[in-house]
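Residue numbers (my numbering), protein chains in the order written: chain A, 139 to 478; chain B, 139 to 478.
All C-beta atoms in this analysis are idealised placements derived from N, C-alpha and C, irrespective of residue type, glycine included.
From a predicted model like this one, the values you see are computed outputs, not experimental measurements.
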DNA sequence: CCCGGACCAGACAACGTTGTCAGGCGATGG
DNA sequence: CCATCGCCTGACAACGTTGTCTGGTCCGGG
């Protein structure tokens with residue numbers, strides 16, 4: 139396990155100066171063919187590999203690296219975002235440092251700090267904490283930042299989100315339009331912007347329909363699919379259970395379906411979920427969802443980021459990517475006729 | 139967009155020497171309290187951030203970064219691996235550079251080269267090309283490499299795989315044991331080791347059962363779920379269609395189920411898939427699979443890698459993580475009685 | 001009063017690379 | 001035959017940091 143050869147080693151072996159090696163390695167013109175050849179051979183012989191860090195340091199150039207900090211890389215939504223961003227970065231010679239925040243406030247600050255320490259050229263962040271003003275010095279120092287999925291607070295940066303309120307509104311309206319009057323709502327932690335917006339969309343739709351809001355069928359702060367399953371069981375145990383459920387996140391939808399299955403009610407209670415998920419169309423009944431165009435979100439985030447990294451510095455922009463209501467079977471389940 | 143402050147700037151503002159700033163920043167002892175305070179204030183005022191690259195360069199220490207190159211980060215299996223590896227790396231102060239190879243041979247070499255250029259301290263690789271001997275110089279130069287999912291060829295490194303042959307053998311045997319005599323097999327590209335091994339397991343089981351191998355129901359080189367769907371349609375169109383299917387990868391299983399659904403045969407044809415997938419248990423019928431313990435694979439890979447990064451240099455080890463046959467409904471579907 | 005030691009601060013070189021500039025050499029033209 | 005030019009090549013400094021080593025100050029003890 140020897141140390142890696144440096145340009146100095148190559149120069150010594152080739153019998154040329156350090157600088158000549160540098161020129162050959164960087165493909166600069168003005169080196170005579172036989173010297174090029176000698177250097178090439180020495181490089182080969184020593185297995186010399188260019189050191190990007192040292193090169194970037196001297197050049198005063200950026201690191202050709204961006205950071206991508208998302209909620210959970212194992213989650214389908216985050217994984218897709220990462221993949222798309224990487225696909226945009228690679229052709230530009232930019233590598234991606236990725237990590238998961240688990241919506242943990244401290245982790246956000248720690249990891250962002252680590253990224254800054256590594257002098258990433260840009261950052262894609264799914265904000266986990268309620269305040270990003272700690273980023274102000276970095277942004278002022280020229281760090282391009284793009285927020286995805288949720289906006290930042292306390293600091294304006296480029297942002298790519300969907301209209302969560304509108305999507306939830308439409309989902310709820312869809313169920314109400316099919317005759318349901320008892321529509322339950324399950325959402326994520328209230329400190330998350332997306333959860334709050336989706337809840338708002340639901341409440342607006344209910345209110346606009348002239349229906350009362352029944353707090354017993356509005357369940358908040360659900361983190362895992364299992365919690366959604368448990369919550370659904372409780373809903374079904376009510377004296378007047380809901381006839382339809384709006385699930386505010388893809389794994390919550392899964393949790394709901396699981397609970398309905400347990401009681402063989404999956405064709406008796408209507409479900410519309412927020413976020414599509416793989417195989418939603420293959421379940422029986424297939425699950426109706428409000429779908430986010432994840433690929434488009436990722437591509438947009440990448441474009442905004444690279445534009446800024448390439449020197450464009452407009453005032454922060456917010457892009458709202460439209461959602462689509464994907465009609466499948468679970469949303470079509472009617473209100474049971476066996477009713478008082 | 140000013141340039142970031144350096145230690146020199148901080149030193150100037152604090153009225154101390156560069157080295158004193160270095161000491162304070164690194165928490166070294168032996169600086170008088172009031173100087174520490176002055177430096178702290180200057181750091182604050184200038185938003186100074188430590189430059190890890192420069193620090194590492196000088197220290198001759200590694201970059202505190204590892205590379206993770208997998209097939210496709212959006213794939214559930216790869217995403218989970220990445221997540222687990224990151225969870226192991228973070229507490230050690232190590233960041234993860236991740237990218238997708240798409241099983242593209244050139245991309246493997248290009249991306250590995252890029253990682254070397256960035257002087258990663260270690261590499262987790264899902265080999266995409268048939269020969270990794272190009273890695274020899276890097277390994278000799280002390281780069282720890284761990285192969286996951288598939289072994290390397292032309293170069294021995296630490297490896298974490300499952301017994302694909304055995305898993306496929308058991309899956310096939312399971313179907314044969316339930317009376318099926320026409321069991322189809324769908325597999326990935328033959329140049330992939332996993333695909334070859336799984337095919338081998340299938341063929342062995344068929345042969346051991348004294349059955350003939352019918353090439354018409356052994357379909358190879360399937361890359362996408364759609365291709366599996368098309369292949370399944372063709373199988374069903376045969377004069378003597380299979381009564382059971384062994385699908386050699388998780389999205390191929392999905393493709394098979396989709397085709398069966400189209401013809402309302404999902405409860406008439408048995409299915410066992412290789413690799414579990416989310417919601418496999420929620421489909422109807424729930425899909426029986428050979429499951430890999432992905433978390434364990436990732437954790438093992440991380441452990442092997444970090445052991446080597448910390449100086450252990452035993453001869454390359456191969457860890458075979460066991461698979462489990464997860465019995466669900468689709469594997470229990472019996473041979474139709476309406477039979478000649 | 002002076003010496004020794006403890007303690008603290010800074011000068012300098014070096015990590016591996018590249019930009020700048022000066023110099024050597026052969027060829028060309030007057 | 002010499003001045004000039006162009007083409008190569010290399011010496012040197014610098015990127016931002018840290019290890020080493022030197023030197024200064026202050027204190028207590030002899």
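Q: Mind listing, in chain order, the continuous beta strand (DSSP E) runs of no fewer than 3 residues lying wholly within the stretch 383 to 427 of chain B?
A: Note on the stretch 383 to 427 of chain B: whole beta strand (DSSP E) runs with a minimum of 3 residues are 408 to 412, in chain order.
Q) Name the DSSP bridge partner or partners of residue 296/B? A) DSSP output for residue 296/B lists 284/B as bridge partner(s).
Q: Would you list, in chain order, the members of the stretch 183 to 194 of chain A that have their beta-carbon closer than 8 Å to a beta-carbon of chain B?
A: So the close ones are 185, 187, 188, 189, 190, 191, 192, 194.
Q. Chain A partners of residue 511/B, CB-CB under 9 Å?
A. Because chain B spans 139 through 478 in this model, residue 511/B falls outside it and cannot be assessed.
**Q.** Contact list for the stretch 141 to 154 of chain B against chain A, Cβ threshold 9 Å
**A.** Contacts with chain A (Cβ-Cβ distance below 9 Å) from the stretch 141 to 154 of chain B involve 141, 142, 143, listed in chain order.
Q | Where the alpha helix (DSSP H) through residue 174/A begins and ends | A | Per DSSP, the continuous alpha helix (DSSP H) segment holding residue 174/A begins and ends at 171 to 184.
Q.
Below 9 Å on C-beta distance, what does residue 447/A contact in chain B?
A. Within 9 Å Cβ-Cβ: nothing; residue 447/A doesn't reach chain B, min ~11 Å.
Q: Pull up the CB-CB distance for residue 323/B and residue 356/B, whole angstroms please, since I reckon it's below 8 Å.
A: Contact holds; Cβ gap of about 5 Å.
Q. For residue 240/A, which of 346/A, 382/A, 193/A, 265/A has the nearest alpha-carbon?
A. Minimum Cα-Cα distance from residue 240/A among the listed residues 346/A, 382/A, 193/A, 265/A corresponds to 265/A.
(Q) Cβ closer than 8 Å: which chain B residues qualify as neighbours of residue 224/A? (A) Within chain B, the residues near residue 224/A are 211, 236, 237, 238.
Q: Name the two residues that bound the continuous beta strand (DSSP E) containing residue 459/B.
A: Membership of residue 459/B in the beta strand (DSSP E) is indicated by the continuous run 456 to 459.
Q. Do residue 419/A and residue 466/A have their CB atoms nearer than 8 Å?
A. Result yes, Cβ atoms of residue 419/A and residue 466/A sit closer than 8 Å.
**Q.** CB-CB length for residue 300/A against residue 430/A, believed under 8 Å
**A.** About 5 Å separates the beta carbon of residue 300/A from that of residue 430/A, a gap short enough to meet the 8 Å contact definition.
Q: Below 8 Å on the Cβ atoms is my guess for residue 410/A versus residue 444/A; work out the distance and round it to an integer in Å.
A: Not a contact, Cβ separation roughly 36 Å.
Q) Leaving out five residues before and five after residue 151/A in sequence, what residues of the same chain have Cβ atoms less than 8 Å from its Cβ? A) So the qualifying residues of the chain are 180, 183, 184.
Q: Taking C-beta pairs closer than 7 Å, name the residues in chain A that residue 273/B reaches, listed in chain order.
A: For the C-beta of residue 273/B, not a single chain A residue is nearer than 7 Å; the gap to the nearest is close to 11 Å.
Q: With a 10 Å radius around its C-beta and 16 neighbouring C-beta atoms as the bar for buried, classify residue 448/B as buried or exposed.
A: Exposed: under 16 other Cβ atoms inside 10 Å.
Q) Quick one, which residues of the stretch 254 to 280 of chain B are near chain A if we go by CB-CB under 7 Å, in chain order? A) Under the 7 Å Cβ criterion, the stretch 254 to 280 of chain B contributes 254, 255, 256, 257, 275, 279, 280.
Q | Euclidean distance between Cα positions of residue 394/A and residue 432/B | A | Approximately 26 Å, taken between the alpha carbons.
Q: If I'm right that residue 423/B touches residue 468/B with Cβ under 8 Å, what's the distance once you round it to whole angstroms?
A: Right, the Cβ-Cβ distance comes to about 5 Å (below 8 Å), so this counts as a contact.
(Q) For residue 146/B, count the other beta carbons within 10 Å of its own beta carbon; 16 or more makes it buried, fewer makes it exposed. Which is it? (A) Around the CB of residue 146/B, fewer than 16 other CB atoms lie within 10 Å, so the residue is classed as exposed.
Q: Express the C-alpha separation of residue 221/B and residue 166/B in angstroms, rounding to a whole number.
A: Using only the alpha carbons, I get a separation of about 34 Å.
Q. Residues in its own chain within less than 6 Å of residue 366/B by CB, not counting five upstream and five downstream?
A. Only 324, 360, 390, 393, 394 meet the Cβ criterion.
Q: Could you give the DSSP three-state label for residue 442/A: helix, strand or coil?
A: Note: residue 442/A maps to helix in three-state DSSP.
(Q) Going by DSSP in three states, residue 477/A sits in which element: helix, strand or coil? (A) Low local confidence applies: a pLDDT of 48 at residue 477/A is under 50, so the model's placement there is unreliable, and no value is given.
Q.
Just to confirm my understanding: we take residue 223/A, look at its own chain, exclude 5 residues before and 5 after, and list those with CB closer than 7 Å. What are they?
A. Setting aside the 5 residues that flank it on each side, residue 223/A is surrounded in the same chain by 206, 234, 262, 436, 439, 440, each with a C-beta closer than 7 Å to its C-beta; the list follows chain order.
Q. Quick check: the stretch 278 to 295 of chain B against the stretch 344 to 358 of chain B, are there 3 or more CB pairs under 8 Å?
A. No: fewer than three Cβ pairs fall under 8 Å.
Q.
Which residue marks the beginning of the alpha helix (DSSP H) containing residue 374/A, and which one marks its end?
A. Unbroken alpha helix (DSSP H) run through residue 374/A: 363 to 374.
**Q.** residue 252/B Cβ short of 7 Å to the ligand NAD heavy atom set
**A.** This structure simply doesn't include the ligand NAD, nor any ligand for that matter.
Q) Under a Cβ-count criterion, where at least 16 other Cβ atoms within 10 Å of its own Cβ denotes burial, should residue 290/B be classed as buried or exposed? A) Its Cβ being crowded by 16 or more others within 10 Å, residue 290/B is buried.
Q: Measure the beta-carbon distance from residue 168/B to residue 161/B and round it to whole angstroms, keeping in mind my assumption that it falls under 8 Å.
A: Contact holds; Cβ gap of about 7 Å.
Q.
What does the Cβ neighbour count give for residue 277/A, buried or exposed, with the cut at 16 atoms within 10 Å?
A. The residue is buried, with at least 16 neighbouring Cβ atoms inside 10 Å.
Q) Which of the residues in the stretch 356 to 385 of chain B, read from start to end, lie with their CB under 7 Å from any CB of chain A? A) The residues in question: there are none.
Q. Nearest chain B C-beta to residue 475/A closer than 8 Å, yes or no?
A. No, residue 475/A lies away from the interface with chain B (no Cβ there is under 8 Å from its Cβ).
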